[in-house]
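Q: Structure below; questions to follow.
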Amino acid sequence: MSEVDTWWRDVGNAALVGTARRPVPPLPDLGRAGVRDRPPGAPREEALLDAAALGGAAIRAGRRLDHAEPPDAAPDDGRPVAPRRAVQLLELVITQPPAGAQQRTALLVHWLQAADTAGCRVPPVLLPTLLELASGARELRRPTAAVLGERGRWLAELREDWSWVTEAAAGAEARTGSRTEGIVPTADEWARLPSTDRVAVLAGVRAHDPAAGRELVLSTWTTDAARDRRAHLDVLRIRLGPGDEALLERGLDDRAGTVREVAAELLDSLPGSARAARMAERLRPLVRRTGLLGRGVEVTLPDEPDPAGARDGLGRPPPSRSARGWWLEQICAGAPLAIWSELTGVDPSATVKRLTEAHAPDALSGIRRAVRARRDPDWAAALLDRGWDASLVPALPRETRERVVLTRVDATTDRVHELGAVVGSVDPPWSADFSVALVSRLRASKVGSAMVLATMPHLLAGLHPMALDPLERWIESTGADQTLATNLRNLLQFHSVKRSITEAFR
Amino acid sequence: MTRWTPTQVAGLAPDASSLTAARRLARPGPWSDTGSTETLLWGKCQGSGKTPYQVSIDLTGPAFRCSCPSRKLPCKHGLALLLLWVDGSGGVAESAEAAGFAQEWAAERSARGGARAAGDAARQTRTPDPAAAAKRLEERLALMDGGMDDFARWLTDLARSGTASARQQSYVWWDGAAARLVDAHLPGLADDVRSVGGAVSGRPDWAERLLLAIGRWWTATRAWAARESLDEGQMGDLRAYLGWSTSTDSVRRADAVTDRWVVLGAHRSDDGRLQQQRTWLLGSATGETVQVLDFAAGGQVLPVARVVGSSLEATVARYPGAAVRRALFVDEPAVADESVRMPSGVALEDARSAAARTWGLNPWARRVPVVLADVRVGVDRVVDAEGARVSLTEDADVWTLLALTGGRPARVFGELEESRLRPLTVVLDDEVVGL
Numbered sequence: 009m010s011e012v013d014t015w016w017r018d019v020g021n022a023a024l025v026g027t028a029r030r031p032v033p034p035l036p037d038l039g040r041a042g043v044r045d046r047p048p049g050a051p052r053e054e055a056l057l058d059a060a061a062l063g064g065a066a067i068r069a070g071r072r073l074d075h076a077e078p079p080d081a082a083p084d085d086g087r088p089v090a091p092r093r094a095v096q097l098l099e100l101v102i103t104q105p106p107a108g109a110q111q112r113t114a115l116l117v118h119w120l121q122a123a124d125t126a127g128c129r130v131p132p133v134l135l136p137t138l139l140e141l142a143s144g145a146r147e148l149r150r151p152t153a154a155v156l157g158e159r160g161r162w163l164a165e166l167r168e169d170w171s172w173v174t175e176a177a178a179g180a181e182a183r184t185g186s187r188t189e190g191i192v193p194t195a196d197e198w199a200r201l202p203s204t205d206r207v208a209v210l211a212g213v214r215a216h217d218p219a220a221g222r223e224l225v226l227s228t229w230t231t232d233a234a235r236d237r238r239a240h241l242d243v244l245r246i247r248l249g250p251g252d253e254a255l256l257e258r259g260l261d262d263r264a265g266t267v268r269e270v271a272a273e274l275l276d277s278l279p280g281s282a283r284a285a286r287m288a289e290r291l292r293p294l295v296r297r298t299g300l301l302g303r304g305v306e307v308t309l310p311d312e313p314d315p316a317g318a319r320d321g322l323g324r325p326p327p328s329r330s331a332r333g334w335w336l337e338q339i340c341a342g343a344p345l346a347i348w349s350e351l352t353g354v355d356p357s358a359t360v361k362r363l364t365e366a367h368a369p370d371a372l373s374g375i376r377r378a379v380r381a382r383r384d385p386d387w388a389a390a391l392l393d394r395g396w397d398a399s400l401v402p403a404l405p406r407e408t409r410e411r412v413v414l415t416r417v418d419a420t421t422d423r424v425h426e427l428g429a430v431v432g433s434v435d436p437p438w439s440a441d442f443s444v445a446l447v448s449r450l451r452a453s454k455v456g457s458a459m460v461l462a463t464m465p466h467l468l469a470g471l472h473p474m475a476l477d478p479l480e481r482w483i484e485s486t487g488a489d490q491t492l493a494t495n496l497r498n499l500l501q502f503h504s505v506k507r508s509i510t511e512a513f514r
Numbered sequence: 512m513t514r515w516t517p518t519q520v521a522g523l524a525p526d527a528s529s530l531t532a533a534r535r536l537a538r539p540g541p542w543s544d545t546g547s548t549e550t551l552l553w554g555k556c557q558g559s560g561k562t563p564y565q566v567s568i569d570l571t572g573p574a575f576r577c578s579c580p581s582r583k584l585p586c587k588h589g590l591a592l593l594l595l596w597v598d599g600s601g602g603v604a605e606s607a608e609a610a611g612f613a614q615e616w617a618a619e620r621s622a623r624g625g626a627r628a629a630g631d632a633a634r635q636t637r638t639p640d641p642a643a644a645a646k647r648l649e650e651r652l653a654l655m656d657g658g659m660d661d662f663a664r665w666l667t668d669l670a671r672s673g674t675a676s677a678r679q680q681s682y683v684w685w686d687g688a689a690a691r692l693v694d695a696h697l698p699g700l701a702d703d704v705r706s707v708g709g710a711v712s713g714r715p716d717w718a719e720r721l722l723l724a725i726g727r728w729w730t731a732t733r734a735w736a737a738r739e740s741l742d743e744g745q746m747g748d749l750r751a752y753l754g755w756s757t758s759t760d761s762v763r764r765a766d767a768v769t770d771r772w773v774v775l776g777a778h779r780s781d782d783g784r785l786q787q788q789r790t791w792l793l794g795s796a797t798g799e800t801v802q803v804l805d806f807a808a809g810g811q812v813l814p815v816a817r818v819v820g821s822s823l824e825a826t827v828a829r830y831p832g833a834a835v836r837r838a839l840f841v842d843e844p845a846v847a848d849e850s851v852r853m854p855s856g857v858a859l860e861d862a863r864s865a866a867a868r869t870w871g872l873n874p875w876a877r878r879v880p881v882v883l884a885d886v887r888v889g890v891d892r893v894v895d896a897e898g899a900r901v902s903l904t905e906d907a908d909v910w911t912l913l914a915l916t917g918g919r920p921a922r923v924f925g926e927l928e929e930s931r932l933r934p935l936t937v938v939l940d941d942e943v944v945g946l
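Protein chains in written order, with this note's numbering: chain Y, 9 to 514; chain G, 512 to 946.
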């Protein structure tokens, strides 16, 4: 301690208890400041106040700087910053969300994914804002982590509430690789991936190379928890094929009921499988032609299944369902659809008619499930002819699908609340024709305002850019309906910003 | 002129609701006759009335004019037009010549600049009654003398009974002392007493802080007692500390200097009662750094912030003072033809000794502006090339600073305050970014 430090400490102690109880230390030599002590005899209080004033000034001006190691720098970034126009759009979406605040997250996700696909990163100045936003909204985290770049990951490590980045970034890398280039992780990498990312990586791999995806699932099958086995099996839905049958059969013998359930459900999609043949054998004795000309059909309910039947999915029925009706549905859902023409001697359309007349609802539910799982267009058309079922629409070829839905929209105008499900049965993105036709139908309707509100989420997700012009013309003629005008404007803004984002990364 | 960023525009908004309203308007629909030149931006906005509002914006100021009845400045139309322009999607096209109404306004503005200079000259010739003024001054000085004597006695009592017992006092005791200072026309000193009194009970380093404050206050009472021997600059700094305001008219008349100024950085604060904006300017010829202070209370709105890193051709008048002088714009500054570069900066040790010299001249200077060369930013500190470190203030926008620098050496402008640094501007590859 220097002389001045000792003195200043003594001054502090004197100040604490007061000069009434403690004397004030005499001034040290303040060097070039040239300050001299007051002559003796001045009041103690003033001597203390002088000392506080002089000491304070000396310490403020004379305090030496500490030294420290420089902080670690961020590694160099390989990825380029997103193009200028794209950055402007990102700022726009963050600071003044077009299309209303609710759509901000969707637009942000679109921006982040477009940036990732283009191999770009977020400009440094926006990193804190984006990290802050993604900390508050889980669906933003993984897409954000993919485009932070080295700088962003380095920054996130410095702050506790951004620590989610480390895990999200590891997953994002594998996801990006598997999604865009079909990069298959090695068995080791796969084994080390967090559960939440495995599903996404597996989905990416399956889309490029189904067999490689199946091998990944098999590589950890014996060590994975039931929950993971179920989730992995579920991903095999993507590009499911006969090659997957052996693994699914293995799933039928699984310890966990949830795994067995998914395995059976996926086997429903494979009409050429051994299980489908077994189901066909179970169905055969239950269906009988009736009437003189054999134009009727009778379906009897199955008896208690044997152990092989229970293994194939004829187990305990869901609550408040008759057991035998449930088994029939399971059998019909698993058997090849082709067996019906063999059993009834007529085409799908006539078969559906006869089954309806025979009051065989369990058989029809099973057939519906088979049609959904196998996307069988003929059977879907046959079933839709006899009654609307949105879940069957995806089985139709796209053109038919869009035509069927438009017809249904016309028929649904008085039941606006059902319209969302109708329109939602066409998966996005929609064709230009369908989008334009839908907009013109909505516009022509007397309850267009309510219809737009009911279908908003689907319009946001599906609408083709070609429908934006008609939309704009509609806005100009909305007149007094402010809600409609606002909704349409948000819709238009959303799509035009989305398109601009896509274009900015070209 | 390069278009701004939406964030810059958002920074100009007087309040959140204006910005929200402007965002709703920032689409091509309601606009017609829009256009922009290097310095002007204009357009007509169809509102609820029959005639559209005419909006003109001088981008250099920036300054706004709108024919709408709103008293907000800038109004939502001005902000919306800026947003539309910033968006760059073709809503506002570049044009060689400004629309009629925008040109007229620009002409009026430059004419008004001239008129104000003439008005100032007229005011100078008007002489107030010197006898009455001298009497008012005498009364004020008597009140201040009494207040200072009283305050010196209060300090002496505090020294006798000790700071530990002062800490036991309730806030009312501090507030009472401050109220007497306000009555004696010493509001600046009163603010300091209130703020120290409010912090004494809560902070672990209260003893040191209180001791330093006592020293500062005592210095003020001694300086006041010896004010006959102070020069004009010293007296100016003391007046500023005590809160004895100087009329802007007299400042305007006195110490004006015309120079090309670079905007080093700016800081805005809002304590709920008062909004304050500090803008630091460095004169390229004089080499002096001055601060322009703007205040707004209640429903008032701060003037639009200057673009950090930009160069202004302006005459500023300096308040009396010895160091870290306050200044005001004598007339509306113009954007300089030739821009001045941000200074290259110094090492921390040099900045510290410059600050020490400043405090030697003006012991009441709360913050000293410094440009630091090659400092690396950490979460709570900056470290220069020689390894010297300084802590950052608690209100520093450290995350943006870290994101921009990535821990690499950068030039930083900021304020040294109580041996901490408040970073305000960072220079990266000659790009100047305000924090």
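We put the beta carbon where it would ideally sit given N, CA and C, even for glycine.
Every value quoted in this text rests on a predicted model; they were computed, and no experiment measured them.
1. Would you say residue 511/Y reaches chain G, if we count a Cβ-Cβ gap shorter than 8 Å as a contact?
2. Using the C-alpha atoms, what's the distance from residue 525/G back to residue 782/G?
3. Output the residue ranges of the beta strand (DSSP E) runs that lie fully inside the region 284-359 of chain Y and measure 3 residues or longer, sorted by chain position.
4. Between the region 19-37 of chain Y and the region 683-703 of chain G, can you find at least three pairs of beta-carbon atoms closer than 8 Å?
5. Report yes if the CB atom of residue 221/Y is closer than 8 Å to the CB atom of residue 204/Y, and no otherwise.
6. Tell me which residues of the region 907-927 of chain G have at least one Cβ-Cβ distance to chain Y shorter than 8 Å, keeping chain order.
7. The beta strand (DSSP E) that contains residue 778/G, what's its start and end?
8. Given this structure, state the Cα-to-Cα distance separating residue 286/Y from residue 404/Y, to the nearest angstrom.
9. Quick one: Cα of residue 440/Y to Cα of residue 504/Y, how far?
10. If the criterion is Cβ atoms closer than 8 Å, does the pair residue 345/Y and residue 279/Y meet it?
11. Give me the Cβ distance between residue 393/Y and residue 376/Y, rounded to the nearest whole Å; I'm assuming they're in contact under 8 Å.
12. If distances are taken between C-alpha atoms only, which option among 129/Y, 153/Y, 128/Y comes closest to residue 140/Y?
13. Looking at the C-beta of residue 135/Y, does it have a partner C-beta in chain G at a distance below 8 Å?
14. Closer than 7 Å by C-beta to residue 347/Y: which residues in its own chain qualify, once you throw out the five before and the five after it? Chain order, please.
15. Quick check: the Cα distance between residue 924/G and residue 895/G, rounded to an integer number of angstroms?
16. Please tell me whether residue 886/G and residue 920/G are closer than 8 Å, where the distance is taken between their beta carbons.
17. Is the distance from the Cβ of residue 537/G to the Cβ of residue 604/G below 8 Å?
18. Mind checking if residue 162/Y is an interface residue toward chain G, Cβ cutoff 8 Å exclusive?
19. State the Cα-Cα distance for the pair residue 512/G and residue 550/G, rounded to the nearest angstrom.
20. To the nearest angstrom, how far is it from the Cα of residue 516/G to the Cα of residue 119/Y?
21. Under 8 Å between C-beta atoms, does residue 33/Y make it to chain G?
22. Using a Cβ-Cβ distance under 8 Å, would residue 934/G count as near chain Y?
23. In terms of residue numbering, what span does the beta strand (DSSP E) encompassing residue 524/G cover?
24. Could one say the Cβ of residue 111/Y lies closer than 8 Å to chain G's Cβ atoms, at least one of them?
25. Strictly under 8 Å for the Cβ-Cβ distance: is residue 445/Y near chain G by that measure?
26. Residues of chain G with CB under 8 Å from residue 79/Y, in chain order?
27. Who are the Cβ neighbours of residue 531/G in its own chain at under 8 Å, not counting the five residues just before and after it?
28. Mind pulling the chain B residues with CB within less than 7 Å of residue 871/G?
29. For residue 789/G, which residues from the same chain have a beta carbon less than 7 Å from its beta carbon, with the 5 sequence-adjacent residues on both sides left out?
30. Mind listing the chain Y neighbours of residue 797/G? Cutoff is C-beta to C-beta under 9 Å, in chain order.
31. Going by C-alpha to C-alpha distance, which of 772/G, 533/G, 784/G sits closest to residue 824/G?
32. Taking DSSP as the reference, what is the three-state secondary structure of residue 372/Y?
33. Identify the contact partners of residue 213/Y in chain G, using a Cβ-Cβ distance below 9 Å as the criterion.
34. One question on the structure: do residue 209/Y and residue 233/Y come within less than 8 Å of each other, judged by their Cβ atoms?
35. Assign residue 513/Y to one of three DSSP states: helix, strand, or coil.
36. Where does residue 875/G fall in DSSP's three states?
A: In short, the structure shows the following:
1. no
2. 16 Å
3. 295-298, 304-307
4. no
5. no
6. 910, 911, 913, 914, 915, 917, 918, 919
7. 766-781
8. 28 Å
9. 15 Å
10. yes
11. 13 Å between Cβ atoms; not a contact.
12. 153/Y
13. yes
14. 288, 291
15. 13 Å
16. yes
17. no
18. yes
19. Note that residue 512/G scores a pLDDT of 46, beneath 50, so its modelled location is shaky; the value from the coordinates is reported in the next line. Going by the C-alpha atoms only, they are around 8 Å apart.
20. 18 Å
21. no
22. no
23. It is not in any beta strand (DSSP E) - residue 524/G carries neither H nor E in the DSSP assignment.
24. no
25. no
26. 887, 888, 889, 890, 892, 894, 918
27. none
28. Of the protein chains in this structure, namely Y and G, none is chain B.
29. 777, 778, 802, 804
30. Correct list: empty, because the minimum Cβ distance to chain Y is about 24 Å.
31. 772/G
32. helix
33. The contacting residues do not exist; residue 213/Y stays about 34 Å from chain G at best.
34. no
35. coil
36. coil
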